[in-house]
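For the sequence shown, the numbering used here assigns the number 1 to the initial residue and increments by one for each residue that follows.
Beta carbons: idealized from backbone N, C-alpha and C, even for Gly.
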Amino acid sequence: MKKPLALLILKLLGWSTENKFRHEHKYIIIGAPHTSNWDFLYFILLARTTGIKIHWIAKHTLFKGPFGKIFKRLGGIPINRQIHNNLIQKMTEEFNKRENFVVAIAPEGTRSKAEYWKTGFYHIARQANIPIVLGFIDYKRKTVGFADTFYPSGNIEEDMKKIRKFYEDKTGKHPSRHSEIKLKDQN
């Protein structure tokens with residue numbers, strides 16, 4: 001799908017885009033809040049407006065059946081979350097061997113309310129020395145976008161404070177499913 005068509009579809013659906021990040025050849029995009037299947041459509045359309053090939057990580061069961069091939073063509077990378085598969089190491093290696101590689105991850109890991117964010121995105125970015133782009137969807141403003149880019153400092157608690165501040169005014173389709181932006185060990 002070409003950029004003009006993606007922009008037209010978003011406009012017809014009543015949505016606008018914001019793109020404030022500086023393009024680099026390798027980075028991780030975190031997409032939040034993730035509370036609905038519709039988030040996927042809006043992020044795919046947003047990705048098409050940038051012209052950048054974006055891969056995305058999702059549970060392996062989404063890739064079974066008739067949509068499996070379509071999802072893979074759209075950049076999907078199936079992950080079986082029930083099996084410890086060294087995802088951080090594998091993704092770091094993938095970033096290190098490619099010249100251009102962009103991966104989107106929903107840190108909640110689910111559309112349901114989660115107790116904490118998964119931090120694989122952070123560790124991959126840190127180990128591969130690549131930036132994190134804050135991708136967002138805001139149903140209240142009907143806006144989807146890519147915002148600031150930053151390199152993880154290594155102080156995950158401080159970096160998560162910045163991330164939390166950015167997302168505090170973003171509203172998912174189902175606000176009751178919003179996950180707290182906190183680490184597993186935080187109360």
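Inset, instruction - Could you tell me whether the stretch 62 to 73 touches the stretch 158 to 166, where touching means 3 or more Cβ pairs closer than 8 Å? - result: no
Inset, instruction - Throw me the rounded Cβ distance for the residue 56 and residue 104 pair, which I believe falls under 8 Å. - result: 4 Å
Legend entry - Environment of residue 61 [buried if 16+ CB atoms lie within 10 Å]: exposed
Legend entry - Alpha carbon of residue 179 to alpha carbon of residue 114, nearest angstrom: 5 Å
Legend entry - Endpoints, the alpha helix (DSSP H) within which residue 3 is located: 3 to 12
Legend entry - C-alpha distance - residue 36 paired with residue 91, whole-angstrom precision: 26 Å
Inset, instruction - May I have a chain-ordered list of the beta strand (DSSP E) segments no shorter than 3 residues that lie completely inside the stretch 20 to 95? - result: 26 to 32, 55 to 59 and 76 to 79
Legend entry - Proximal residues to residue 107 (C-beta, below 7 Å), its chain only, five neighbours per side dropped: 30, 32, 117, 118 and 121
Legend entry - Identified DSSP bridge partners for residue 18: 145
Inset, instruction - Taking residue 137 as part of the beta strand (DSSP E), name the residues at either end of that continuous run. - result: 132 to 138
Legend entry - For residue 20, the nearest candidate out of 149, 172, 96 and 173 (CA to CA): 149
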